[in-house]
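When we follow our numbering, the leftmost residue of the sequence shown carries the number 11, and every step to the right adds one.
Even glycine gets a Cβ: it sits at the ideal position worked out from N, Cα and C.
Values in this document were obtained by computation on a predicted structure and should not be read as measured data.
Notes follow the structure.
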Amino acid sequence: MFYHLPESSGIAAPALATAVGLAGAVLGLWLTGMRRRAQVVIPFSAGVLLGVALFGLVPELAVELGWTVSLVLFAAGYGLLLVLNRYAYPVCPTCAHDHDHSACATELHGFAGPLILAAALHSFLDGWSIATVQLHVPLGLRVAVPLAVALHKVPEGIALGGILRASVKSRAAAMAWCVLAEGTTLVGGVLGLLMAPHLGTVWITYPLGIAAGWLFYLGFHAVHEEWKRRGAAPAFLSALTGMAGAAALQRGAEALFR
11 MFYHLPESSG
21 IAAPALATAV
31 GLAGAVLGLW
41 LTGMRRRAQV
51 VIPFSAGVLL
61 GVALFGLVPE
71 LAVELGWTVS
81 LVLFAAGYGL
91 LLVLNRYAYP
101 VCPTCAHDHD
111 HSACATELHG
121 FAGPLILAAA
131 LHSFLDGWSI
141 ATVQLHVPLG
151 LRVAVPLAVA
161 LHKVPEGIAL
171 GGILRASVKS
181 RAAAMAWCVL
191 AEGTTLVGGV
201 LGLLMAPHLG
211 TVWITYPLGI
221 AAGWLFYLGF
231 HAVHEEWKRR
241 GAAPAFLSAL
251 TGMAGAAALQ
261 RGAEALFR
């Protein structure tokens, strides 16, 4: 049986996703509190970003659009940041041969702007999609969809908090940007409830594909910077752990609530 939900009920799902994403971000910030722990958390968070992109977003896009279109969008997002990094905004300054990292105030300076934009876009589209699904759904999905999305937001929040803390000068600034980025989930939910009956949800897959490419670029280059700074073994072991955890959580949630 299908139900038409009032807006106050439909907004509960994006509100839950927002809260879980913020909780994950707080955890990511907390994990970077000690210097020794931060050396593990930064590549771990980068691996989580890679896992979110490769095992969360791309498979979802492939179901909706097919693999060819999904990979084209993914490559376009990656290529856009690559071009910006080279000609406009130094997303990855340490990729330059003449970069003096010892003079830098933060470990991943340059990452904050693109990461906040990608996370905010991703969160907005999450909120839009889960709010509109709540409008006309079987009763069982009213529980399954919010729980699945909440599980998906955990690794995203941890990665956002961990990498932002390494990208800005203060913990307070990192937290403020996390609130802004994750808060767009709720904004997307509200606008989705108001506008989805007129616009639908198919369009969201295209900017989501771009966001997947952005997140992969940021995750890959964060691991690369840690490799150059501390060696291959610490960087890749932590990154692979984060990627595997994100993949297991996202694929497991999908299998559980399918």
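Alpha helix (DSSP H) segment containing Ile220, residue limits: Counting from 1 along the sequence shown, the entry for residue 220 is found at position 210. 215 to 240 is the span of the alpha helix (DSSP H), which, as asked, contains Ile220.
Alpha carbon of Leu81 to alpha carbon of Leu91, nearest angstrom: Along the sequence shown, one-based indexing puts residue 81 at 71. Along the sequence shown, one-based indexing puts residue 91 at 81. Going by the C-alpha atoms only, they are around 16 Å apart.
The stretch 160 to 173 in contact with the stretch 22 to 37 per 3-pair CB rule at 8 Å: Output reads yes: the stretch 22 to 37 touches the stretch 160 to 173.
Residues near Thr251 by beta carbon distance below 8 Å, same chain, minus five either side: In the sequence shown, residue 251 corresponds to position 241, counting from 1. Same-chain partners within the cutoff: Phe54, Gly57.
Local Cβ density within 10 Å of Ser177, reported as buried at 16 or more and exposed below that: The residue given as residue 177 occupies position 167 in the sequence shown. With 16 or more other CB atoms across the displayed protein chains lying within 10 angstroms of its CB, Ser177 is buried.
Short Cβ contact (8 Å threshold) for Trp269 with Gly66: The requested residue 269 does not occur in the structure, where the chain is confined to residues 11 to 268.
Inter-stretch contact (C-beta, 8 Å, three-pair minimum) for the stretch 186 to 194 and the stretch 205 to 216: Contact between the stretch 186 to 194 and the stretch 205 to 216 is absent, because fewer than three Cβ pairs lie under 8 Å.
Cβ neighbour criterion (16 or more within 10 Å) applied to Arg175: For this step, residue 175 is matched to residue 165 along the sequence shown. So Arg175 counts as buried.
Whole alpha helix (DSSP H) elements within the stretch 35 to 93, 4-residue minimum: Look at the stretch 35 to 93 and you find these whole runs of alpha helix (DSSP H), each 4 residues long or longer: 45 to 61, 68 to 75.
Spatial distance of Pro124 from Gly202 (CA atoms): Taking the sequence shown and counting its residues from 1, one reaches residue 124 at position 114. Taking the sequence shown and counting its residues from 1, one reaches residue 202 at position 192. Answer to the nearest angstrom: the Cα atoms are 24 Å apart.
Distance, Ala25 Cα to Asn95 Cα: The residue given as residue 95 occupies position 85 in the sequence shown. The residue given as residue 25 occupies position 15 in the sequence shown. Between the alpha carbons of Asn95 and Ala25 lies a gap of roughly 34 Å.
Buried versus exposed, by CB contacts within 10 Å (16 or more), Gly223: Counting from one through the sequence shown, the residue named residue 223 turns up at place 213. When all chains shown are included, Gly223 counts as buried.
Span of the alpha helix (DSSP H), counted from its first residue to its last, around Val197: To locate residue 197, count along the sequence shown from 1; it is residue 187. Start and end: 181 to 209.
Three-state class that DSSP yields for Phe121 in the structure shown: Within the sequence shown, the letter at position 111 stands for residue 121. Reduced to three states, the DSSP call for Phe121 is coil.
Anticipated Cβ contact below 8 Å, Phe84 with Val62, distance rounded: Mapped onto the sequence shown, residue 84 falls at position 74. Mapped onto the sequence shown, residue 62 falls at position 52. Not a contact, Cβ separation roughly 13 Å.
Coarse secondary structure for Val212, derived from DSSP in three states: The residue labelled residue 212 in the question sits at position 202 within the sequence shown. In the displayed model, Val212 falls within a helix according to three-state DSSP.
Cβ distance (whole Å) where Leu59 is taken to contact Leu225 below 8 Å: Reading the sequence shown from its first residue, position 49 is the one you call residue 59. Reading the sequence shown from its first residue, position 215 is the one you call residue 225. At roughly 5 Å, the Cβ-Cβ gap stays under 8 Å, so Leu59 and Leu225 are in contact.
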